[in-house]
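Below: the structure, in structure tokens.
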């Protein structure tokens with residue numbers, strides 16, 4: 001079961017089963033899944049459907065699928081910027097704000113050719129979930145063309161050019177607004193993070209078969225597998241103990257760049273622009289632990305304790321007190337063979353397969369697992385975060401050791417939503433985003449059956465990632481209106497329903513029904529509030545939208561937007577009314593009713 005708690009989940013479309021209890025009544029149907037049936041049949045001692053049971057036993061477990069690592073994109077872009085392939089340099093601002101005199105945005109943090117002019121290259125789109133408590137508390141907004149006023153005249157800005165090299169920059173100081181529900185969410189996410197750390201630690205202990213007293217709470221472990229490992233008895237292998245990876249620190253300050261050339265959507269009350277968001281790099285690019293440095297450090301420790309020729313090695317480390325075991329991980333391929341049977345012969349020849357079909361490709365891999373005592377060695381190698389890289393990482397980055405390879409900040413692309421003066425939809429929308437359950441922002445493998453449907457739909461995120469709601473101070477000295485800003489993930493373009501096939505329309509409708517299941521009514525069911533983008537999101541950009549990296553060949557992912565009118569609601573009649581609008585929008589002729597599902 002995934003985090004959305006929907007009970008009908010299957011890893012593939014082959015993992016769903018349907019029973020028409022009365023064939024003449026197509027709506028009277030029982031839906032189940034391979035894993036549920038396997039559990040029941042095992043409990044009952046049923047072995048009739050042996051092939052189906054074997055397939056269900058090898059079904060992949062549900063797990064969250066993270067978007068393609070933005071750290072890889074940023075590191076590649078930094079390499080291209082160092083080589084001068086793209087990006088235009090700008091002078092360093094010497095008139096630095098007092099609260100930026102140190103840290104990611106101080107002048108000393110920008111090696112040449114940084115800093116760069118805004119929008120002088122295509123920043124990587126941010127698609128990852130960031131907890132509310134880690135989002136920047138202060139936002140320096142750069143708006144030389146007065147987009148923040150969101151006057152009616154601003155809607156003609158899309159044809160206006162913004163020359164960042166010659167235009168006088170206008171900056172405004174904004175602060176993040178967190179609702180009461182958001183504060184509660186922060187507490188829950190802190191608690192969840194600590195629980196996740198505990199789970200990871202327990203899993204490490206279980207995987208390595210070690211006692212908790214070997215691994216302190218603030219340490220992690222890495223097993224050095226010998227290159228010549230073979231199944232059988234062995235000396236205790238080395239277990240390297242190192243400091244656990246540091247958590248990203250909450251960002252205090254970030255910079256946002258707005259341009260009228262980048263407007264991507266306009267509504268009756270708001271506009272949306274593609275914005276550049278410069279944030280501390282450590283928020284999205286994890287620290288590095290150099291493997292080569294660890295090997296060198298362990299080697300020096302062994303030389304000191306065992307001697308160059310191993311003559312000082314303790315006898316307990318020479319004894320073959322453990323064993324390496326060979327095992328396979330992954331799942332085997334599922335193959336079906338069609339056979340031709342001759343029933344009209346007294347002595348039929350042996351049955352030979354006439355055709356073989358691969359239902360699901362396998363990914364079995366042989367690995368080695370060690371059982372027995374370990375030789376723990378603590379390393380003093382530290383995590384690296386861009387201040388000073390070691391010689392190994394410097395060599396990989398093609399820079400001199402001791403030279404800064406990149407700034408301590410990174411630019412990403414997000415959607416900035418602004419509202420007109422006197423409109424309160426944006427404020428309500430930000431409050432709604434802060435109440436949404438975590439699974440609305442998560443992508444999972446496999447499929448769910450979401451009532452009132454009986455057909456499976458992918459388990460993608462329901463809404464864009466939310467990156468904060470920012471307001472200018474009430475006592476700001478600015479005379480003109482300054483719009484609040486809500487930052488979101490960019491999720492593509494508005495759908496054209498007539499261009500969608502039935503599976504895509506089912507998926508779009510299922511997003512609204514998942515919203516209903518958590519007690520929300522959207523209140524604005526229109527195609528303009530459903531976005532489509534190339535997918536899957538765990539692939540790099542150039543591999544998305546091809547259909548080659550999904551088992552069912554789907555090319556797009558979908559998301560709901562515009563929650564300015566959305567409300568928490570327990571009135572089933574309102575949801576029933578909205579269901580009719582969903583049916584009309586997605587051009588479904590009928591729904592299977594909830595009562596007809598065997599839930």
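Residue numbers (the UniProt record's numbering): 1 to 599. The beta carbon of each residue, even a glycine, is placed where N, CA and C say it ideally should be.
Are three or more beta carbon pairs between the segment 527-536 and the segment 547-562 nearer than 8 Å?
yes
Quick one: what's got a C-beta closer than 6 Å to residue 20's C-beta in the same chain, skipping five residues either side?
Within the chain shown, residue 20 is the residue found at index 20, counting from 1. Cβ within range, chain order: 29.
Applying the criterion that 16 or more other CB atoms from any shown protein chain within 10 Å of the CB defines a buried residue, is residue 357 buried or exposed?
Stepping through the chain shown from its first residue, residue 357 is reached at position 357. Exposed is the call here.
Under 7 Å, do residue 392 and residue 292 count as touching if we go by C-beta distance?
By 1-based counting over the chain shown, the position of residue 392 is 392. By 1-based counting over the chain shown, the position of residue 292 is 292. The answer is yes: Cβ separation under 7 Å.
On the premise that residue 57 lies in contact with residue 38, defined as a C-beta separation below 8 Å, what is that separation, rounded to the nearest angstrom?
Taking the chain shown and counting its residues from 1, the one referred to as residue 38 is at position 38. Taking the chain shown and counting its residues from 1, the one referred to as residue 57 is at position 57. With a Cβ gap of about 6 Å, residue 38 and residue 57 count as contacting.
Ends of the alpha helix (DSSP H) at residue 657?
Residue 657 is absent from the model: the chain starts at 1 and stops at 599.
Contained beta strand (DSSP E) runs [length at least 3] in the segment 229-300, N- to C-terminal order
232-234, 238-243, 253-257, 263-266, 270-280
Contact under 7 Å by Cβ, residue 375 with residue 236
Taking the first residue of the chain shown as position 1, residue 375 is located at position 375. Taking the first residue of the chain shown as position 1, residue 236 is located at position 236. Yes, Cβ-Cβ distance for residue 375 and residue 236 is below 7 Å.
Here's a check: name, in chain order, each residue in its chain whose Cβ is nearer than 7 Å to the Cβ of residue 541, leaving out the five neighbours to either side.
Looking up residue 541 in the chain shown gives position 541. Nothing meets the Cβ criterion.
So if DSSP puts residue 414 in a beta bridge, which residue, or which two residues, is it bridged to?
Counting from 1 along the chain shown, the entry for residue 414 is found at position 414. Answer by DSSP bridge pairing, in chain order: 275.
To the nearest angstrom, how far is the alpha carbon of residue 269 from that of residue 382?
Here the question's residue 269 lines up with position 269 in the chain shown. Here the question's residue 382 lines up with position 382 in the chain shown. Residue 269 and residue 382: Cα-Cα distance of roughly 51 Å.
Going by DSSP, what residues sit across from residue 448 in a beta bridge?
In the chain shown, the residue the question calls residue 448 occupies position 448. In DSSP, residue 448 forms a bridge with 9, 457.
Determine, using beta carbons only, whether residue 68 and residue 456 come nearer to each other than 7 Å.
Working through the chain shown from its first residue, we reach residue 68 at position 68. Working through the chain shown from its first residue, we reach residue 456 at position 456. Result no, Cβ atoms of residue 68 and residue 456 do not sit closer than 7 Å.
Run the CB neighbour count on residue 44, radius 10 Å, all protein chains shown included, and call it buried at 16 or more, exposed below.
Within the chain shown, numbered from 1, the residue matching residue 44 stands at position 44. Exposed is the call here.
Which residues in the same chain have their Cβ closer than 7 Å to the Cβ of residue 137, if we skip the five residues on either side of it in sequence?
Looking up residue 137 in the chain shown gives position 137. Excluding sequence neighbours, residue 137 sits near 175, 176, 252.
Enumerate in chain order the residues of its own chain whose CB-to-CB distance from residue 223 is below 8 Å, with the five nearest sequence positions on each side excluded.
On the chain shown, position 223 is the one that residue 223 refers to. Hits under 8 Å: 208, 237, 238, 239, 240, 370, 374.
Which partner residues does residue 376 have in the DSSP bridge list?
Stepping through the chain shown from its first residue, residue 376 is reached at position 376. Per DSSP, 239.
Can you tell which of 146, 187, 365, 421 has its C-alpha closest to the C-alpha of residue 621?
Beyond the ends of the chain as shown, which are 1 and 599, falls residue 621; an answer cannot be given.
For residue 450, collect the residues of the same chain with a Cβ closer than 7 Å to its Cβ; drop the 5 residues on either side in sequence, then sort them by chain order.
For the purposes of this step, residue 450 is taken as residue 450 along the chain shown, with counting starting at 1. Hits under 7 Å: 6, 457, 510, 513, 514.
What's the gap between the Cα of residue 610 and the Cα of residue 444?
Nothing about residue 610 can be reported from this structure: the residues present for the chain run from 1 to 599 only.
Between which two residues does the beta strand (DSSP E) containing residue 137 stretch?
The sequence position of residue 137 within the chain shown is 137, counting from 1. First-last for residue 137: undefined, no H or E at that position.
Nonlocal neighbours in the same chain, by C-beta distance under 8 Å from residue 63, ignoring five residues either side
Numbered from 1 along the chain shown, position 63 holds the residue referred to as residue 63. Excluding positions up to five away in sequence, the list reads 444, 445.
8 Å contact criterion, which residue 118 and residue 81 should meet: CB distance rounded
Translated into the one-based positions of the chain shown, residue 118 becomes position 118. Translated into the one-based positions of the chain shown, residue 81 becomes position 81. The pair is not a contact, with the Cβ atoms about 14 Å apart (cut-off 8 Å).
Beta strand (DSSP E) containing residue 89: first to last residue?
Residue numbering aside, residue 89 sits at position 89 when the chain shown is read from its first letter. Residue 89 -> no beta strand (DSSP E), and no H or E assigned at all.
Would you kindly check if the distance between the Cβ of residue 406 and the Cβ of residue 72 is under 7 Å?
Against the chain shown, residue 72 aligns to sequence position 72. Against the chain shown, residue 406 aligns to sequence position 406. Cβ distance not < 7 Å, so residue 72 and residue 406 don't count as in contact.
Alpha-carbon to alpha-carbon, residue 290 and residue 300:
Reading the chain shown from its first residue, position 300 is the one you call residue 300. Reading the chain shown from its first residue, position 290 is the one you call residue 290. Straight-line Cα distance between these residues: approximately 16 Å.
Taking only the alpha-carbon atoms, compute the straight-line gap between residue 321 and residue 232 and give it to the nearest angstrom.
Numbered from its first residue, the chain shown carries residue 321 at position 321. Numbered from its first residue, the chain shown carries residue 232 at position 232. Spanning the two alpha carbons is a distance of roughly 11 Å.
8 Å Cβ shell around residue 160 - same chain, five flanking residues per side excluded:
Taking the first residue of the chain shown as 1, we reach residue 160 at position 160. 145, 260, 261.
Of the listed residues 285, 582, 500, 366, nearest to residue 523 (C-alpha basis):
Indexing the chain shown from 1 puts residue 523 at position 523. Here the closest residue by C-alpha is 582.
Under three-state DSSP, which class holds residue 65?
Counting from 1 along the chain shown, the entry for residue 65 is found at position 65. Note: residue 65 maps to coil in three-state DSSP.
Do residue 336 and residue 364 come within 7 Å of each other at the CB atom, strictly closer than that value?
Start at 1 with the first residue of the chain shown, and residue 364 comes out as number 364. Start at 1 with the first residue of the chain shown, and residue 336 comes out as number 336. Not a contact, by the Cβ cut-off of 7 Å.
Give me the Cα-Cα distance between residue 283 and residue 86, rounded to the nearest whole angstrom.
Mapped onto the chain shown, residue 283 falls at position 283. Mapped onto the chain shown, residue 86 falls at position 86. So the two alpha carbons sit approximately 24 Å from each other.
Rank 490, 49, 472, 254 by C-alpha distance to the C-alpha of residue 265 and give the top, closest one.
Within the chain shown, the letter at position 265 stands for residue 265. Measuring from the Cα of residue 265, the nearest candidate turns out to be 490.
Counting along the chain, where does the alpha helix (DSSP H) carrying residue 531 start and finish?
Residue 531 sits at position 531 when you count from the first residue of the chain shown. From DSSP, residue 531 is part of no alpha helix (DSSP H) but of the beta strand (DSSP E) over 530-534.
Starting from residue 2, follow the alpha helix (DSSP H) in both directions and report where the run begins and ends.
Working through the chain shown from its first residue, we reach residue 2 at position 2. Here residue 2 belongs to no alpha helix (DSSP H), and DSSP marks it neither H nor E.
Going by DSSP in three states, residue 42 sits in which element: helix, strand or coil?
The residue labelled residue 42 in the question sits at position 42 within the chain shown. In the structure shown, residue 42 sits in a helix (DSSP, three-state: H, G or I).
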